[in-house]
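Numbering (this note's numbering), first residue to last: 904 to 1384. A virtual CB, placed ideally from N, CA and C, is assigned to each residue, including glycine. None of the values given here were measured: they were computed from a predicted structure.
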Ligand SMILES: Cc1cc2nc3c(=O)[nH]c(=O)nc-3n(C[C@H](O)[C@H](O)[C@H](O)COP(=O)(O)OP(=O)(O)OC[C@H]3O[C@@H](n4cnc5c(N)ncnc54)[C@H](O)[C@@H]3O)c2cc1C
């Protein structure tokens, strides 16, 4: 009847799956991990790896409840905060060293973004600095090295190239196992105590983008995340939440590379303009994870998305100050390193260059007089140190004055999605009536507690916190005979 058997079966070997496996194994359960790819790591490996710390737990709970706009129950937020405050110590216990992350970038980015996105919301002052795991590599790779080393040390088996496809539910026990595809064969796997769904979001499922997020996106992360956990849970009657929530920023997309490259600015002499050459936002005032929002505008008269793509316009001062493409994280880090002075990308034609603003406009199909007028207006605001259109901070009003001038198309690019099966404070997956589906748990960005107003640094924290909660609780289920 069954090809494989374990107490706790974990579907998806990224940060949440590895953490759940460690927690379940430490609770003396026999654990089996399934990973659809030939190697683990998921988005976690390609992330910046930054984790939240807190200065005041009560204030932080208030802050998160408010930014989630009532979509996440207070007890779920409390469970997350209480558990995630232990993340740094837990990692230290696994042999990691954590250090405070620099939020200003590595190349002197002068525009300091707040530690907590939405700093004006009540409770934001309870948020502490972000930390990450120190190591020889960049970002989430160091975190992944610690997690995967600990999975190996516990001798937890991982079935690679094995996709969970369908959960098996029996009455009255609940979820008793699953069907998976391994080496093109269907296998049945028994879970004597429980199943943890930790298979990430739907960053690479274009039809789910359209259906749930209302538009298409490029993606920065792991291509294995195609929303299968959502289908498996929905098939059992799970309630879905946060399906319209996404952490998405601006990225570049070039035909030579299959993935988006994250946009960043090393200096303040830049603006964003839409397809008619108009500015549309405070370029330096928004947390990166929320950048998709101003870009998703639709002209309801024509149904045109006049900001997809938009363009970043900058000058020689910015070009020489550092990389405008971030390739230290994201899947692109496997295959491309952006040049430090952007010269390689100018040469490739990825960055358009011209000696005049009008010449630049012609290269990106914007009417030269429109773009010229936008830049003149922006310079007027720089002189007066007051941006009457979008309230950009005076210290960042730096003229785009020194030729050559540059432009790159920018696209909404997903860091990660948040939607999936709804979970409770114990990481149990809930059905559409709010009842736990027996022996089914979830962790990580699949059905994340975060809503649209994502405050940054919360998804890795959540993968670790709910990974431990799910792993412990699944291990504590009574075993089926
Ligand atoms: C460029 C980038 C930077 C980021 N930086 C940060 C940051 O600094 N801080 C932060 O908090 N968040 C950050 N994030 C987001 C964060 O990395 C993720 O949300 C988090 O790591 C998700 O962890 P997870 O374990 O839930 O999913 P993942 O780590 O993505 O793991 C999911 C795994 O499940 C596997 N899988 C999928 N379907 C199946 C199936 N059917 N069967 C078996 N396996 C399956 C996938 O192949 C994958 O390996 C970043 C993301 C990106 C892309």
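| Item | Value |
| --- | --- |
| The stretch 1137-1148 contacting the stretch 1105-1122, beta-carbon criterion three pairs below 8 Å | yes |
| beta-carbon residue 1087 near ligand 1 non-hydrogen atom, thresh 7 Å | no |
| Three-state secondary structure (DSSP) of residue 1009 | Because the pLDDT of residue 1009 is 36, which lies under 50, any placement of that residue in the model is unreliable, and the number read from its coordinates should be weighed accordingly. Coil, per DSSP. |
| Cross-strand partners of residue 1069 (DSSP beta bridge) | 1082 |
| Cβ neighbour criterion (16 or more within 10 Å) applied to residue 1316 | buried |
| Reduced DSSP secondary structure (H/G/I, E/B, other) of residue 1076 | coil |
| DSSP bridge partner residues for residue 1042 (one or two, in chain order) | None, per the DSSP bridge assignment. |
| beta-carbon residue 1128 near ligand 1 non-hydrogen atom, thresh 7 Å | yes |
| Proximity test, residue 1102 beta-carbon vs ligand 1 heavy atom, cut-off 7 Å | yes |
| For residue 1020 and residue 1193, believed in contact at Cβ under 8 Å, the rounded distance | 7 Å |
| Any non-hydrogen atom of ligand 1 within 7 Å of residue 1091 CB | no |
| Residue 1381 versus residue 1039 - alpha carbon distance | 42 Å |
| Residue 1208 (DSSP reduced to helix, strand or coil) | coil |
| As assigned by DSSP and simplified to three states, the class of residue 1003 | strand |
| Cβ-based neighbour list, residue 912, same chain, cut-off 6 Å, excluding 5 preceding and 5 following | 935, 1092, 1094 and 1098 |
| Buried or exposed (CB count within 10 angstroms, at least 16 for buried), residue 1321 | buried |
| Whole-Å CB distance - residue 1111 paired with residue 1130, under 8 Å assumed | 5 Å |
| 8 Å Cβ cutoff met for residue 969 and residue 1024 | yes |
| Sequence-distant residues of its chain with Cβ nearer than 8 Å to residue 1277 (five each side left out) | 1174, 1176, 1180, 1181 and 1182 |
| Collapsed DSSP secondary structure at residue 1143 in the structure displayed | strand |
| CB of residue 1348 within 8 Å of CB of residue 1067, strictly | no |
| Any non-hydrogen atom of ligand 1 within 7 Å of residue 963 CB | no |
| Limits of the unbroken alpha helix (DSSP H) element including residue 877 | As shown, the chain starts at 904 and ends at 1384. That puts residue 877 outside it, with no answer to give. |
| Unbroken beta strand (DSSP E) run spanning residue 1224, endpoints | No beta strand (DSSP E) holds residue 1224; the alpha helix (DSSP H) holding it covers 1219-1224. |
| Outcome for residue 1268 when other beta-carbon atoms lying within 10 angstroms are tallied against a minimum of 16 | exposed |
| Cβ-heavy atom distance, residue 919 to ligand 1, below 7 Å | yes |
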